[in-house]
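Asks: Numbering of the first sequence is given in our numbering, commencing with residue 36 and proceeding in unit increments. Positions of the beta carbon are idealized from the N, C-alpha and C atoms, including for glycine. Here the structure is a predicted model, which is why all the values come from computation and not from measurement.
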Amino acid sequence: MEKKPNVCMQDVQVRKGPWTMEEDLILINYIADHGEGVWNSLARSAGLKRTGKSCRLRWLNYLRPDVRRGNITPEEQLLIIELHAKWGNRWSKIAKHLPGRTDNEIKNYWRTRIQKHVKQTDNVSGQTSSRRNSQTDMIPSQTCNVASQMEFSYHPPCDNIMNFPGPFATETNENVWSMDELWPLQLLHNV
DNA sequence: AATCAATTCAACCGCCTCGTG
DNA sequence: ACACGAGGCGGTTGAATTGAT
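Okay, structure coming up:
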């Protein structure tokens, strides 16, 4: 048995950054056997050199079998706008009303697609309107206004925000693999 | 074909809340 | 009532990808 320095041993062992396929499989298998929850001990027991938080995030945002990815529909988009107008940046609350969508995904979608459109709209229609300190401090009343603007000016074919990058298949990305690939492996592993 | 800029999104960070002893 | 740990949430970052020149 080699002796390791007892200083920050956990810190030394914690892995960060993109998940590997192997790690994903370990996590899927472990949760299939034991269920989710108690993430810190789950991470340890599963032999993953990740924090509990990291495992939870990976599972909730990516590995859960019911996670839907890509192709946010116009209906979903309108719902996001509507709910954001009602609740502001309460992403998890909004996500509960969009089955299969995660708070992270909705948050990203809002920031990259909708907020961009909001800014453009602001520039065109209200150049003298109030300044914002940041992208994130928009209050619900403002977004409500924006939501109505978007609904009435919604023209998918030429609208920037409706140009979805396409389905989930980004094969070139090393740590992105489809659930079609992962779940059969998980099942095989469990047999 | 090469380079640069813009965009996207997975993952991390820090704060807050809640449950438990 | 208090302290502590774990989980949850929103904000932010940075690598990868895509598009434009």
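For Leu92, report the span of its alpha helix (DSSP H) as first-last.
Replies: Gly87 to Arg93
Asks: In this structure, how does DSSP classify His132 when only helix, strand and coil are distinguished?
Replies: The DSSP-derived three-state label of His132 is coil.
Asks: Using the Cα positions of Ser188 and Gly72, report the straight-line distance between them to the nearest angstrom.
Replies: The predicted position of Ser188 is uncertain, since its pLDDT is 37 and thus under 50; a value taken from the coordinates is nonetheless stated next. Each residue's alpha carbon lies about 44 angstroms from the other.
Asks: Taking 6 angstroms as the limit between beta carbons, can you name the residues of its chain near Trp122, skipping five residues before and five after?
Replies: Lys128
Asks: For Arg50, is the classification buried or exposed, using 16 other Cβ atoms within 10 angstroms of its Cβ as the cut-off for buried?
Replies: exposed
Asks: Answer with buried or exposed for Glu110, where buried requires no fewer than 16 other C-beta atoms within 10 angstroms of its C-beta.
Replies: Counting the other Cβ atoms within 10 Å of the Cβ of Glu110 gives fewer than 16, which makes it exposed.
Asks: Taking the alpha helix (DSSP H) that Ile235 belongs to, which residues open and close that run?
Replies: Residue 235 lies beyond the stretch modelled for the chain, which goes from 36 to 226, so this question has no answer here.
Asks: Alpha carbon to alpha carbon, what distance is there between Gly135 and Arg104?
Replies: 8 angstroms
Asks: If we ignore side chains and look at the alpha-carbon of each, how far apart do Glu58 and Lys142 end up?
Replies: 25 angstroms
Asks: By the 10 Å Cβ neighbour count, where 16 or more other Cβ atoms means buried, how is Gln112 classified, buried or exposed?
Replies: buried
Asks: Give the straight-line distance between the Cα atoms of Leu62 and Arg125, rounded to the nearest whole angstrom.
Replies: For Leu62 and Arg125, the gap between their C-alpha atoms comes out near 28 angstroms.
Asks: Rounded to the nearest angstrom, what separates Gly82 and Asn96 at their Cα positions?
Replies: 21 angstroms
Asks: Among the candidates Thr55, Arg146, Leu114 and His119, whose CA atom is the shortest distance from the CA of Lys84?
Replies: Checked all of Thr55, Arg146, Leu114 and His119; the closest Cα to Lys84 is Thr55.
Asks: Please determine, among Trp74, Asn75, Arg93 and Ser76, the residue with the shortest C-alpha to C-alpha distance to Pro53.
Replies: Arg93
Asks: For Ala78 versus Gly70, is the C-beta distance shorter than 8 angstroms?
Replies: no
Asks: Which residues in the same chain as Asp101 place their Cβ atom closer than 8 angstroms to its Cβ, once the five residues preceding and following it in sequence are excluded?
Replies: Pro134 and Gly135
Asks: Relative to the C-alpha of Arg120, which candidate in Gln150, Thr137 and Trp74 has its C-alpha closest?
Replies: Looking at the sequence itself, residue 120 is Ala, so the reference to Arg does not match. Of Gln150, Thr137 and Trp74, the residue nearest in Cα terms is Gln150.
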